[in-house]
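Its first residue numbered 1290, the sequence shown is counted upward by one per residue in my numbering. Reading through the structure tokens given below for one structure.
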Amino acid sequence: MSVALLSVAAVALDALLGEPKRWHPLVAFGNFAGRIEQRFNAGGRGWRSHGVTAWVIAVLPLTLLATAFSWAPYVGWVVEILALYCALGMRSLGEHVAPVAAALRADDLNEARKRVGYLVSRQTDELDSTAVARAATESVLENGSDAVFAALFWFVVAGAPGVVLYRLSNTLDAMWGYRNERFERFGWAAAKIDDVLNYIPARLVALTYALLGKTRLSLKCWRTQAPKWDSPNAGPVMATGAGALGVELGGPAIYHGELHERPQLGEGAPADADSIDRGWQLVQRGVWLWLLILCVGAEFYA
């Protein structure tokens, strides 16, 4: 079965079922990674070498296992579909952002703050409605890149092993990749590996957002604003996405009690409930565009 059909099947499965409800492999992996971190970074005393060792122990055996199962005769294609399905978070992303937009439209700011708190790591209990909408829109654009597009990219490049390697690495970055006293040294490897794995997908996503939105403005934002962002991959994705939507994102935010003066992203109207919905629609259109390109490419090279 071609990679295009496998990708379409996995995306359709995600759209139909959403994330596994009772037992999600990534939740189990997160628990496993937590125990590894306790062993190699007790009290935040782990060095970079400990972080590299922990990453290898957490990621490589499961990647090799995925490789072996995907090569199995008769059932390998099922493993491929399930690997991508478990890595995708497209329907889940929509299910998390929709209540934020709904609460804002109902003028229920407390509910909107609570709901957006499930999506972002910044402090949300004092955000006004514009800041809530800004946080949710940023999350849609960035998580769409990480949890949907990058997973598709690595599946196309290397099948089940590629998507497993990417998704586990991305999960470790979310758990260990913080620049604080506990993870500054230990989480260095997880953060750098995730940066490398996301470098090409992030730029393809930025190009996708630009093509499907306000192209000229989004390319301008990519060129002028993305270099000012502290993340080499989130910068292009969110700057271009904000420009594509014609909305203002970025700005100051409080993380773990500390105020971070982030640069402005995008240009245009302040964020609101509509910008959340339009950001989600941009991600959806981008996925269908990628799948269409895959199918056309598969037919052309058949």
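C-beta: ideal position from N, C-alpha, C; glycine also.
Next on the checklist: Between the stretch 1358-1365 and the stretch 1424-1444, can you find at least three pairs of beta-carbon atoms closer than 8 Å?
Outcome noted: no
Next on the checklist: Tell me which residue opens and which closes the beta strand (DSSP E) that Q1553 is part of.
Outcome noted: The residue labelled residue 1553 in the question sits at position 264 within the sequence shown. Counting along the chain, the beta strand (DSSP E) containing Q1553 begins and ends at 1553-1555.
Next on the checklist: Could you tell me the alpha carbon to alpha carbon distance between I1370 and L1548, rounded to whole angstroms?
Outcome noted: The count along the sequence shown starts at 1 and reaches residue 1370 at position 81. The count along the sequence shown starts at 1 and reaches residue 1548 at position 259. Roughly 42 Å separates the two Cα atoms.
Checklist entry - Considering only residues of the same chain and omitting the five flanking positions on each side of R1492, which have a CB-CB separation below 7 Å? => result For the purposes of this step, residue 1492 is identified with residue 203 of the sequence shown, where counting begins at 1. Same-chain partners within the cutoff: P1525.
Checklist entry - Based on the DSSP secondary-structure assignment, which residues constitute the bridge partners of P1411? => result Locating residue 1411 in the sequence shown gives position 122, where the first residue counts as 1. Per the sequence shown, residue 1411 should be read as Arg rather than Pro. The partner list for R1411 (beta bridge, DSSP) reads Y1544.
Item to check | For A1536, three-class secondary structure by DSSP | outcome: Locating residue 1536 in the sequence shown gives position 247, counting from the first residue. Reading the sequence as shown, one finds Val at residue 1536 and not Ala. If DSSP states are grouped into helix, strand and coil, V1536 belongs with the strands.
Checklist entry - Residues bridged to A1558 by DSSP? => result By 1-based counting over the sequence shown, the position of residue 1558 is 269. Note: A1558 sits in a beta bridge opposite V1536.
Next on the checklist: So, with DSSP's three-state summary, where would you put H1549?
Outcome noted: To locate residue 1549, count along the sequence shown from 1; it is residue 260. Reduced to three states, the DSSP call for H1549 is strand.
Next on the checklist: Once the 5 residues before and after I1565 are set aside, which same chain residues still bring their CB inside 7 Å of it?
Outcome noted: If you number the sequence shown from 1, residue 1565 lands on position 276. Only V1386, V1389, A1390, A1422, A1425, T1426, V1429 meet the Cβ criterion.
Checklist entry - Is there contact here, the stretch 1476-1495 with the stretch 1371-1380, by at least three beta-carbon pairs under 8 Å? => result no
Next on the checklist: Here's the rule I'm using: 16 or more other beta-carbon atoms within 10 Å means buried, otherwise exposed. How should Y1363 be labelled?
Outcome noted: On the sequence shown, residue 1363 is found 74 positions in, with the first residue counted as 1. Exposed, since its Cβ has fewer than 16 Cβ neighbours within 10 Å.
Checklist entry - Going straight from the alpha carbon of R1456 to that of Q1573, what length do you get? => result Numbered from its first residue, the sequence shown carries residue 1456 at position 167. Numbered from its first residue, the sequence shown carries residue 1573 at position 284. Going from the Cα of R1456 to the Cα of Q1573 covers about 20 Å.
Checklist entry - Taking three-plus beta-carbon pairs below 8 Å as touching, is the stretch 1412-1419 in contact with the stretch 1428-1444? => result no
Item to check | Best match in V1341, L1571, P1541, G1586 for proximity to W1465 [C-alpha to C-alpha] | outcome: Sequence index remark: in the sequence shown, residue 1465 carries index 176 (1-based). Closest by alpha carbon: V1341.
Item to check | W1366 (DSSP reduced to helix, strand or coil) | outcome: Locating residue 1366 in the sequence shown gives position 77, where the first residue counts as 1. Helix at W1366.
Item to check | Burial state of S1338, where buried means 16 or more other Cβ atoms lie within 10 Å | outcome: Here residue 1338 refers to the residue found at position 49 when the sequence shown is read from its first residue. With fewer than 16 Cβ atoms within 10 Å of its Cβ, S1338 is classed as exposed.
Next on the checklist: Do G1535 and K1503 count as a contact pair if the criterion is CB distance below 9 Å?
Outcome noted: Taking the first residue of the sequence shown as 1, we reach residue 1503 at position 214. Taking the first residue of the sequence shown as 1, we reach residue 1535 at position 246. Closer than 9 Å, so yes.
Item to check | Start-to-end residues for the alpha helix (DSSP H) that takes in S1381 | outcome: By one-based count along the sequence shown, residue 1381 stands at place 92. Taken as a continuous stretch (DSSP letters only), the alpha helix (DSSP H) holding S1381 covers 1379-1394.
Next on the checklist: Spatial neighbours of L1351 within its chain, please: C-beta separation below 7 Å, excluding the five flanking residues on both sides.
Outcome noted: Position 62 of the sequence shown, counted from the start, is the residue given in the question as residue 1351. The answer, listed in chain order, is V1453, L1457.
Next on the checklist: According to DSSP, is Q1327 part of a helix, a strand, or is it coil?
Outcome noted: Reading the sequence shown from its first residue, position 38 is the one you call residue 1327. Helix.
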